[in-house]
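Chemist:
Numbering (the working numbering), first residue to last: -3 to 558.
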């Protein structure tokens, strides 16, 4: 059946050619955006509901800039919910005030109020994204950040003919915040999503969705750059295009050694840039996204689709579906991650810390705590080193900067309180956790190695961990328990992948390294929204350096009050 589909390249191409605003090469610019947080009615899957958006757009507007530019984004909150916006992956050197997580670096923007995020983009280029960082509002409040190289710099791979954003998400038919409240009352997970989406649209495999299908028109023989973002709340996703290989060239705004694959795996919070060559027989080909889950955990296993359509092909031609890896294809996931390597050239070096000043070992666990207000008298929870993080009432960065007592402690342990067979048989007894707003203090410019270890407390599961304010190098990973005597010998200290969000494998471990050269309070948390809300989070207090140029900047005058 013929379908009416709008082809969208967005404004990316215009941006590439005109964003210079007649600047000379290398000259930085100030890019100003107005974000109006407002509620609009949106229809998907035969249901209409009000959703929170930025500027009435779902997904929200793409933020364009060049490396070296300054972003000035004024956010005005017209919605009934408090709001904060996180600029996921932007390092915010000395300027945690613009990072965005509510009650970590700022108090939220209240209804009827505004806050201006002032962000200088230093030594970063590629695809990142922004999203709400309070409650579960990022279900609909998110969008892409596209940072072009400096004028005249170009890409370290063949120049694509055009480019497009592919933003993967989740959709609930009912109000997400109400669903979460219902789950909290039961002490259980809320209902899973009703669909996955590609650029806010589930695609024609869902009811009432033929008009809610994203389509990308391509020309025979041309090469296209797809900027893929996983904005889903709780699902790692496979993505593929029928009949077309994907060449990975960048992850989390860091160039990689190119490699070709039939599908990619992308965790919530991660971005991946791929090149696609339109060299197949002219036709219509489905792009598809579906979850990866290799643990005994329920997941929304529905497939979102969009269409790659060759120019001149009518909409009546039936698209072909790609062969996505199976839901629980662990071998594909591990093999794919093993192919990721930093470019590590003279222009884009991988400055991996070879000497480690501070060794940290954090266990990831689920648990059960008493809950007098829950129907079952208990609630599911999550912890790092058996500590469930308690959110403060004021911003941690403010408390740190002004030396406010009683808000947090800096006694988060470097190791778990008890050592056991972390990934042995499931442990279902003695699952209580300690609670507190406990942070870890890190010396300025010290080098840190952090091993994140999954455990079988209730169940093993893959966890994508995001560190604010930093990139890090993924020097090693494995299945089972980390062996501090044997495993470091296998670390890649030459060209490991550099990211801001890493997937800890199910029943396994991941080792990351970074240099703590960005002073402030920096959130680290599981990017599965369910686990974050259960307390699977902490923060690092990175101390100031010896002078003001290596210390946290003073807060802006319009920082939201608590």
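Just so it is clear, CB atoms sit at the ideal spot from N, CA and C, and this is done for glycine as well.
It should be emphasised that the depicted structure is a prediction, and the values quoted were computed from it without experimental measurement.
1. Ordered along the chain, which non-local residues of its own chain (more than five positions away) have a Cβ less than 6 Å from that of residue 44?
2. Closer than 6 Å by C-beta to residue 223: which residues in its own chain qualify, once you throw out the five before and the five after it? Chain order, please.
3. Can you tell me whether residue 490 is buried or exposed? The criterion is at least 16 other CB atoms within 10 Å of its CB, across all chains shown.
4. Looking at the structure shown, is residue 314 part of a helix, part of a strand, or coil, going by DSSP?
5. If you follow the alpha helix (DSSP H) that residue 374 is in, where does it begin and where does it stop?
6. Bridge partners of residue 287, per DSSP?
7. Suppose contacts are defined by Cβ-Cβ distances below 9 Å. Is residue 288 in contact with residue 231 by that definition?
8. Starting from residue 186, follow its DSSP beta bridges and name the residues at the other end.
9. Please go through the same chain and pick out, in chain order, the residues whose beta-carbon is closer than 7 Å to the beta-carbon of residue 424, but skip the five residues on each side of it.
10. Pull up the distance between the alpha-carbon of residue 456 and that of residue 472, whole angstroms please.
11. Within 10 Å of its beta-carbon, does residue 350 have 16 or more other beta-carbons around it, so buried, or fewer, so exposed?
12. Quick one, which of 265, 497, 49, 255 has its alpha-carbon nearest residue 331's?
13. Compute the beta-carbon to beta-carbon distance between residue 500 and residue 469, rounded to the nearest angstrom, for a pair I have assumed lies under 8 Å.
14. Could you tell me the alpha carbon to alpha carbon distance between residue 128 and residue 278, rounded to whole angstroms?
15. Find the nearest neighbour of residue 276 within the set 305, 81, 285, judged by alpha-carbon distance.
16. By the 10 Å Cβ neighbour count, where 16 or more other Cβ atoms means buried, how is residue 544 classified, buried or exposed?
17. Measure from the alpha carbon of residue 340 to the alpha carbon of each residue in 493, 398, 103, 35, then state which is nearest.
18. Cα separation between residue 262 and residue 548?
19. I need the boundaries of the alpha helix (DSSP H) containing residue 525, first residue and last residue.
20. On the CB-based measure, 16 or more other CB atoms within 10 Å of its CB, does residue 414 come out buried or exposed?
21. Distance check for residue 267 and residue 259, CA to CA, integer angstroms please.
22. Using three-state DSSP, classify residue 37 as helix, strand or coil.
23. Would you call the CB atoms of residue 464 and residue 88 closer than 9 Å?
24. Cutting at 6 Å between CB atoms, please list the residues of its own chain near residue 428, excluding the five before and the five after it.
25. Counting only runs that start and end within the region 156 to 200, where is the alpha helix (DSSP H) found for 4 or more residues in a row?
26. Enumerate in chain order the residues of its own chain whose CB-to-CB distance from residue 187 is below 6 Å, with the five nearest sequence positions on each side excluded.
27. Could you compute how far the alpha carbon of residue 170 sits from the alpha carbon of residue 97?
28. Can you say whether residue 282 is buried or exposed, counting buried as having 16 or more other CB atoms within 10 angstroms of its CB?
29. By the three-class DSSP mapping on this structure, what secondary structure does residue 513 have?
30. Taking its Cβ as the centre, do 16 or more other Cβ atoms sit within 10 Å of residue 369, making it buried, or is it exposed?
31. Would the beta-carbon of residue 143 fall within 9 Å of that of residue 66?
32. What would DSSP say about residue 19, mapped onto helix, strand or coil?
33. According to DSSP, simplified to helix, strand and coil, what is residue 390?
34. Suppose only complete runs of 3+ residues qualify. What are the beta strand (DSSP E) ranges in the region 294 to 372, listed by chain order?
35. For residue 248, count the other beta carbons within 10 Å of its own beta carbon; 16 or more makes it buried, fewer makes it exposed. Which is it?
36. How far does the beta strand (DSSP E) with residue 436 in it extend, from its first residue to its last?
Modeler: Taking the structure as given:
1. 37
2. 123, 161, 269
3. Exposed is the call here.
4. coil
5. Segment 374 to 380 is the beta strand (DSSP E) holding residue 374; no alpha helix (DSSP H) there.
6. 233
7. yes
8. BP columns for residue 186 are empty, so no partner.
9. 454
10. So the alpha carbons of these two residues sit roughly 19 Å apart.
11. exposed
12. 255
13. Contact doesn't hold; Cβ gap of about 15 Å is too wide.
14. 40 Å
15. The closest CA to that of residue 276, considering only 305, 81, 285, is found on 305.
16. exposed
17. Closest by alpha carbon: 493.
18. 33 Å
19. 525 to 529
20. Only exposed fits residue 414, as fewer than 16 other CB atoms lie within 10 angstroms of its CB.
21. 14 Å
22. strand
23. yes
24. 365
25. 172 to 182
26. 175
27. In this model, residue 170 and residue 97 are separated by some 25 Å (Cα to Cα).
28. buried
29. coil
30. exposed
31. no
32. Interpretation of residue 19 is limited by its pLDDT of 48, a score under 50 that renders its predicted location unreliable; the figure taken from the coordinates is listed afterwards. It is coil, neither helix nor strand.
33. Coil.
34. 300 to 306, 354 to 366
35. Residue 248 is buried by the Cβ-count criterion.
36. 436 to 438
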